[in-house]
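Protein chains in written order, with the numbering used here: chain F, 26 to 337; chain B, 59 to 552. Note that beta-carbon positions come from the ideal geometry of N, C-alpha and C, so glycine has one too. Being a predicted model, the structure only gives us computed values, none of them experimental. Notes follow once the structure below has been shown.
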Amino acid sequence: MKKHDKKHKLTLSDIQLYSLCAIPIILVFVFCYMPMAGIIIAFKNYKFNLGMFGSPWVGFDNFKFFVQSDVFLQLIRNTLLNNFLFIVLSVFSSVVLAVLLFEVTSRNATKTFQTILITPHFLSWVVVAYIVNAILNVNYGYLNQLLGVFGMDAIDWYNKPMAWPAILSVTFVWKNIGMDSVVYYAALMGIDSALHEAAEVDGANKFERAIYITIPSLVPLITILTILKIGNIFRADFGLFYTVTQDGASGNLYSTTNVIDTYIFRSFKDNASGNSYGLTAAVGLLQSVVGMILVIATNAVSKKIDNDLGLF
Amino acid sequence: MSKIKKILSVLMCAAIVVSLAAGLTGCAGKNKADSNTLVWYVFGDKPADLDAVLAKANEIIEPQIGMKLDMRYIDSASYTSKMKNIMAAHEAYDLAFTGYINPYQEAVSLGGLYDITDYISEVGLDEVIPEFYLQSATVDGRIYGIPNIQVVSNPITISMDKSLAEEIGFDMKTIENAAINAENFDDIKAYTALLDDLFERVHKARPDLYVMNPTYNLIRDPFYEQVISEVYIRRNSDSNEMFVDMETEEGKYSAEKLNEWFNKGYIRNDISSVGTAVTSNDEWRKIAVRSNTWKPGQEPYDTERYGEEQVYAILNKPYVGRTSALATMTSVGADSKHPKEAVEFLKLINTNKELFNIICWGIEGTHYTLGETGHVTEIADSGYNSMGQNAWRFGNQFNALLLEDQADDTWKLTEKMNNEAIKSKMLGFVPNTDSITNELANVSNVADEYKAKRQFGTVAVSSWEAEYADKLDKAGIHKIRDELQKQYDEFLDK
Chain F
26 MKKHDKKHKL TLSDIQLYSL CAIPIILVFV FCYMPMAGII IAFKNYKFNL GMFGSPWVGF
86 DNFKFFVQSD VFLQLIRNTL LNNFLFIVLS VFSSVVLAVL LFEVTSRNAT KTFQTILITP
146 HFLSWVVVAY IVNAILNVNY GYLNQLLGVF GMDAIDWYNK PMAWPAILSV TFVWKNIGMD
206 SVVYYAALMG IDSALHEAAE VDGANKFERA IYITIPSLVP LITILTILKI GNIFRADFGL
266 FYTVTQDGAS GNLYSTTNVI DTYIFRSFKD NASGNSYGLT AAVGLLQSVV GMILVIATNA
326 VSKKIDNDLG LF
Chain B
59 MSKIKKILSV LMCAAIVVSL AAGLTGCAGK NKADSNTLVW YVFGDKPADL DAVLAKANEI
119 IEPQIGMKLD MRYIDSASYT SKMKNIMAAH EAYDLAFTGY INPYQEAVSL GGLYDITDYI
179 SEVGLDEVIP EFYLQSATVD GRIYGIPNIQ VVSNPITISM DKSLAEEIGF DMKTIENAAI
239 NAENFDDIKA YTALLDDLFE RVHKARPDLY VMNPTYNLIR DPFYEQVISE VYIRRNSDSN
299 EMFVDMETEE GKYSAEKLNE WFNKGYIRND ISSVGTAVTS NDEWRKIAVR SNTWKPGQEP
359 YDTERYGEEQ VYAILNKPYV GRTSALATMT SVGADSKHPK EAVEFLKLIN TNKELFNIIC
419 WGIEGTHYTL GETGHVTEIA DSGYNSMGQN AWRFGNQFNA LLLEDQADDT WKLTEKMNNE
479 AIKSKMLGFV PNTDSITNEL ANVSNVADEY KAKRQFGTVA VSSWEAEYAD KLDKAGIHKI
539 RDELQKQYDE FLDK
């Protein structure tokens, strides 16, 4: 750490390093900062012919539409609860999986498990939607066939909104668990093996070692990743909520699966109001602002608990 | 820390400057098109031989308006969104298809189209396009595009295989008569009882088929015309009263009937996840009683599509709705550098049959051959196929050459049907929605949420009716209706 305290002169190797990250910085700048002026559309009644800057200002009218609407609470509830479920389940399951994988000693077996678990990550949500449909379809879905074997009636899952937080959670975890657990697994590889050997000498069994050595050493990483996820808790996975539910199965599933992102998309697509640009930009901006507040708040809280746990 | 702040502030400033600059250059417009070219966006897959066909077409166009035509194809799935981007980016295109995709009224309200009202009379386009088409396209007294003339009065129909109708001994004409002559709720109930009878017999005879498809609401759609949102008006009535669909006894009755039909297994039970779109001939053939629209010359197509000769029940008299003519239009882009030439071209394509048929069918001998009767036979894989069947993409369909299996009088009958059809009293009425934008967005969202329940009958009406009415009311449906009614009354007074 001493190096950083010195007045630093820009050396050739520094320039090399900077130039390495130049492309990502330029990308972020071009695609994340430059378009930011477009935020003003959220405060305007946007017309093509008047342009982004010439369209009439409407103040906070575009926000009012959303906040006052009946659907506001439904969207907040669905977005938060579903994402909360996803975060808890995916963190829990991927940590458990990483710990279990860590205990597998055969290298070939570890690689095989990882490959199998990661594969779903590379499937598009549209493909996943059809896999889910193959399981849940009321006429020929596997699940309903299975119910039939036990003499039960087939259930039209696309008409049962209460079942969908569970269905979506399972789908989400299934798709993401492989990738998430790899991160934790990599962290576990970094644990000093002397700790485990010492514990083994002291007579700790595998379970005790996992509880007292493996998990505690993962806590900083879990915190950081959870902060990042909570920052995105207002941002629902559009592919999951739109395609896997078959567009909310024509409205039947909205009560539990209509989230901010699908709402923005539908409002924009229908454009029933004639001012879809302004209205949807406002909702999107609100979503981002709340997301930013959440990141800062979570970070502050975790720093309160332990100063080393914060992300920044 | 202060260093980070400094860097951040520099970055922010730079971001603002650059996006301002981007916005300004955007305003300046980047017109890449040749200044002597009319750019025309249409949807569909670009035909391989487009360049050759355009060269031929330009032999006619250039002497007449002194400009060349360039057609740009965008696939239909992304046409609407791409056109929005093109309009938002102020691209200086001249013409574009607007209508059932890339909606005309939406493009007008977003300021994406050019006001061509004055050019229309200057160029004489109003002599070519019948008045009620122009009336439909008028927004606040101004016109931004021209309807591509085609069938605009097609009635709703149900049809079934002739053999099945004979097998169950059902005469479709009884339903047709009951529906066309229905004047009040009792008549509609009597007509629905006939539907019940038909569906039950079909279900018994062919349990392997879905009895019907709920693409159209058979109890509502033949009798109502939608204004906007969930607000409707009665078609054949002296009353000018606007109402909310589910607040009438017919509306409620149709919802209950749909639920009854769904429960009896007449409608496919996974309808809420597959939707109403019937996309292939195979799917059509799994449905016994098919609801669709009808137009003259439809029969040979239906026979091919459904696999057998059909018997029809036409459910309403031909009717031109307020927005019927807006389904297929060609409009002028807001940033067009040649609006007058664009309008001149619109007149040319709608009057010059030779030019129109080059755009529709390609070059004779290369892409199609003419039979003795003057009907088109396409040359397979010629690089310009299946364009003319959708001539309404380009202009007046009645100028298009007919296909070999189409009857000689197809266009004549269609035109006659259009002209003799009942015209909606709302023709020319374009509501100004500025004061109800938020309500419209909210109602649209509620309507989406109850789509399966309302349109497919998947859930018992009693369980959602009150909730739906309450949500609609909170979303502002009554404010919308009152505002529309007020504007409509003013319109009628004029």
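{"Asked": "Starting from B:E541, trace the alpha helix (DSSP H) in both directions and tell me its first and last residue.", "Found": "535-551"}
{"Asked": "Give the interface partners of B:D328 over in chain F, defined as CB-CB distance under 8 angstroms, in chain order.", "Found": "N162, V163, N164, D181, Y183"}
{"Asked": "How about B:L428 and B:E422: do their beta carbons lie closer than 8 angstroms?", "Found": "yes"}
{"Asked": "So, at 6 angstroms on beta carbons, what are the nonlocal neighbours of B:V488 in its own chain, with the 5 sequence-adjacent residues on each side left out?", "Found": "V197"}
{"Asked": "Using a beta-carbon distance below 8 angstroms, is B:Y508 in contact with chain F?", "Found": "yes"}
{"Asked": "Determine whether the beta carbon atoms of B:L557 and B:R380 lie at a separation below 8 angstroms.", "Found": "A question about residue 557 of chain B goes unanswered here, because the residues of chain B that appear run from 59 up to 552."}
{"Asked": "Per DSSP, what kind of secondary structure is B:P265 in: helix, strand or coil?", "Found": "coil"}
{"Asked": "State the start and end residues of the unbroken beta strand (DSSP E) segment that holds B:A371.", "Found": "368-372"}
{"Asked": "Could you give the C-beta distance for B:A346 and B:Y268, rounded to a whole number, given that I count them as a contact under 8 angstroms?", "Found": "7 angstroms"}
{"Asked": "For the region 486-499 of chain B, which residues have a CB atom closer than 7 angstroms to at least one CB atom of chain F, in sequence order?", "Found": "T491, T495, N496, L498, A499"}
{"Asked": "Can you list, in chain order, the residues of the region 163-176 of chain B whose Cβ is nearer than 7 angstroms to any Cβ on chain F?", "Found": "E164, S167, L168, G169, G170"}
{"Asked": "For B:A251 and B:V519, which I take to be in contact (beta-carbon distance under 8 angstroms), what is that distance rounded to the nearest angstrom?", "Found": "Incorrect: roughly 19 angstroms between the Cβ atoms, too far for contact."}
{"Asked": "Whose CA, out of B:E288, B:F281, B:D176, lies closest to the CA of B:S295?", "Found": "B:F281"}
{"Asked": "Report the three-state DSSP secondary structure of B:A335 (helix, strand or coil).", "Found": "coil"}
{"Asked": "Entirely within the region 246-299 of chain F and at least 4 residues each: give me those alpha helix (DSSP H) ranges in chain order.", "Found": "271-275, 279-282, 285-295"}
{"Asked": "Report the option in B:A236, B:G309, B:I204 whose CA atom is closest to the CA atom of B:T215.", "Found": "B:A236"}
{"Asked": "CA-CA distance, B:D107 and F:A179?", "Found": "53 angstroms"}
{"Asked": "How would you write the range of the alpha helix (DSSP H) that F:R132 sits in, first residue to last?", "Found": "132-143"}
{"Asked": "Just reading off the beta strand (DSSP E) that B:F101 is part of, what are its end residues?", "Found": "95-101"}
{"Asked": "Between the beta-carbon of B:Y177 and the beta-carbon of B:V401, is there less than 8 angstroms?", "Found": "yes"}
{"Asked": "Alpha carbon to alpha carbon, how far is B:G420 from B:K114? Give it in angstroms, no decimals.", "Found": "9 angstroms"}
{"Asked": "Using the beta-carbon count (16 or more within 10 Å), is F:V226 buried or exposed?", "Found": "exposed"}
{"Asked": "Establish whether the CB of B:A86 and some CB of chain F are separated by less than 8 angstroms.", "Found": "Since pLDDT at B:A86 reaches only 43, below the 50 mark, its modelled position is unreliable, and the value read off the structure follows with that caveat. Taking Cβ atoms only, chain F never reaches closer than 8 angstroms to B:A86, which makes this a no."}
{"Asked": "Look at F:N296 and B:T495 and say whether their C-beta atoms are less than 8 angstroms apart.", "Found": "no"}
{"Asked": "Taking the continuous alpha helix (DSSP H) assigned at B:S136, which residues delimit it?", "Found": "134-146"}
{"Asked": "Go through its chain and collect everything with a Cβ distance to B:L316's Cβ below 6 angstroms, but skip five positions before and after it.", "Found": "G515"}
{"Asked": "Do the region 232-244 of chain F and the region 212-221 of chain F meet, that is, are 3 or more Cβ pairs less than 8 angstroms apart?", "Found": "yes"}
{"Asked": "Are at least three pairs of beta-carbons, each pair with one atom in the region 497-507 of chain B and one in the region 370-388 of chain B, less than 8 angstroms apart?", "Found": "no"}
{"Asked": "What in chain F is Cβ-close to B:K532, meaning under 9 angstroms?", "Found": "S94, D95"}
{"Asked": "Taking C-alpha atoms, which residue in B:D360, B:E367, B:E399, B:F320 lies nearest to B:S338?", "Found": "B:D360"}
{"Asked": "Using the Cβ count rule (16 or more neighbours within 10 Å means buried), how would you classify B:S482?", "Found": "buried"}
{"Asked": "Note down, in chain order, each residue of its chain lying with its Cβ closer than 8 angstroms to the Cβ of B:R539, except the 5 sequence neighbours on either side.", "Found": "V289, M300, F301, V302"}
{"Asked": "Of all the options F:Y58, F:S80, F:D39, F:L161, which has the alpha carbon lying nearest to the alpha carbon of F:A274?", "Found": "F:L161"}
{"Asked": "Hey, B:Y191 and B:P205 are a contact pair by Cβ (cut 8 angstroms); roughly how many whole angstroms apart?", "Found": "4 angstroms"}
{"Asked": "Which residue from F:A325, F:N277, F:N108 puts its Cα closest to that of F:I393?", "Found": "Examination of residue 393 of chain F is not possible in this model, given that chain F is present from 26 through 337 alone."}
{"Asked": "Taking F:R102 as the query, report the chain C residues whose CB atoms sit under 7 angstroms from its CB, ordered along the chain.", "Found": "The question asks about chain C, but that chain is absent: this structure's protein chains are F and B."}
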